[in-house]
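Input: a single structure, listed below in structure tokens.
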Amino acid sequence: MSVASIIEPRRYPQPKAMLVLIKPITWFPPIWAYLCGAVSSGIPLSGNWLIVILGMVLAGPIVCGMSQAANDWCDRHVDAINEPDRPIPSGRIPGRWGLWIALMMTVLSLAVGWLLGPWGFGATVVGVIAAWAYSAEPVRLKRSGWWGPGLVGLSYEGLPWFTGAAVLLGAAPRFEVVVIALLYALGAHGIMTLNDFKALEGDRQHGVRSLPVVLGPEVAAKIACTVMGMAQAVVIALLFIWGMKFHAVAVIALLVAQVVAMNKLFQNPKKYAPWYNGTGVVFYVTGMMISAFALRGLA
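Okay, structure coming up:
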């Protein structure tokens, strides 16, 4: 923060800071999950690209962006300790502008969700409620190392996958699609737990009982990896049962690659958690799309 901004605080948000607030790097998981859902529906994407692209924009920049703005507003005191250079604690987004941006994006989310029909709108309502329940008092589920990552996993992976399939089908997806979406959402609990490593000190001071805080980095890393691995193991078993052997073998190969990366993570979980999120998670999401194509074959 410059000396001038301390003497005369900003009245309006810095445009670049507003983009940083909604964190484009976080948009990929729900966008990818929505696309996986669309693929798994069995409906040809050609001729439906407008719905697919609109859904991806809704899942990523709009709903996920809104959730990031809401989280940063509700976490502004924690971020002042963990990451004081973030837009709100640094003053680049002054006053209550962080809250107003989150609320305006909430309205935008619901408006765009309405354009996707009843299934799209219903899923958007669930996503909006989940975003605020995760961050805002008095619910603030992120205080729990179990409920918080679980809710984010469902919102980032399971809900967009379900929505992508339901919007194209105009109906509830088949049982197999729902099961695979839920399994990958469950596995994402581990990904979100590893993401909590970067906020250890601030979480301790503000009573956020993430698994790294409660159990320590070493145990939390092992739990996170076990959850990710077991979810994919069940996916592999189901693909074999449903006769999708080549797809199952491909997911096995990706899981083996993750296990190799996990061994490095265990050497120093706090140090290597960001590295794992940039490497091992790539194998995880690749398996999601392979599974989506397998489900497409069942349609």
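In the working numbering, each residue's number is its place in the sequence shown (first place is 1) plus 47. In this text, a Cβ means the ideal position worked out from N, Cα and C, and glycines have one as well.
| Asked | Found |
| --- | --- |
| Please confirm whether residue 341 and residue 285 have their CB atoms less than 7 Å apart. | no |
| Per DSSP, which residues does residue 256 bridge with? Please list them. | 191 |
| Select from 119, 314, 120, 136 the residue whose C-alpha is nearest the C-alpha of residue 127. | 136 |
| Taking all protein chains shown into account, do 16 or more other C-beta atoms lie within 10 angstroms of the C-beta of residue 338, making it buried, or fewer, making it exposed? | buried |
| Helix, strand or coil for residue 95? Go by DSSP, reduced to three states. | coil |
| Check the C-beta distance from residue 154 over to residue 181 and give it rounded, since I have them as a contact under 8 Å. | That pair is no contact at about 19 Å. |
| Taking three-plus beta-carbon pairs below 8 Å as touching, is the region 201-216 in contact with the region 139-150? | no |
| Could you spell out the range, first to last residue, of the alpha helix (DSSP H) harbouring residue 272? | 264-288 |
| Could you say which of 197, 95, 257 lies nearest to residue 190 if we only look at CA atoms? | 257 |
| Check residue 223 in the structure and name its three-state DSSP category. | helix |
| Out of 134, 313, 279, 81, state which residue places its alpha-carbon closest to the alpha-carbon of residue 300. | 279 |
| Looking at the structure shown, is residue 65 part of a helix, part of a strand, or coil, going by DSSP? | helix |
| Measure the beta-carbon distance from residue 103 to residue 156 and round it to whole angstroms, keeping in mind my assumption that it falls under 8 Å. | Rounded, the Cβ-Cβ distance is 14 Å, inconsistent with contact. |
| Pairs of beta-carbons, one from the region 81-95 and one from the region 222-231, closer than 8 Å: are there three or more? | yes |
| What separation, rounded to the nearest whole angstrom, lies between the Cα atoms of residue 167 and residue 96? | 15 Å |
| Are three or more beta carbon pairs between the region 209-226 and the region 266-279 nearer than 8 Å? | no |
| Among 150, 177, 148, 215, which has the Cα closest to the Cα of residue 162? | 215 |
| Rounding to the nearest angstrom, what Cα-Cα distance links residue 267 and residue 240 in this structure? | 7 Å |
| Compute the Euclidean distance between the alpha carbons of residue 107 and residue 293, then round it to the nearest angstrom. | 31 Å |
| Within the same chain, show all residues whose beta-carbon is closer than 7 Å to that of residue 73, passing over the 5 residues directly before and after it, in chain order. | 111, 115 |
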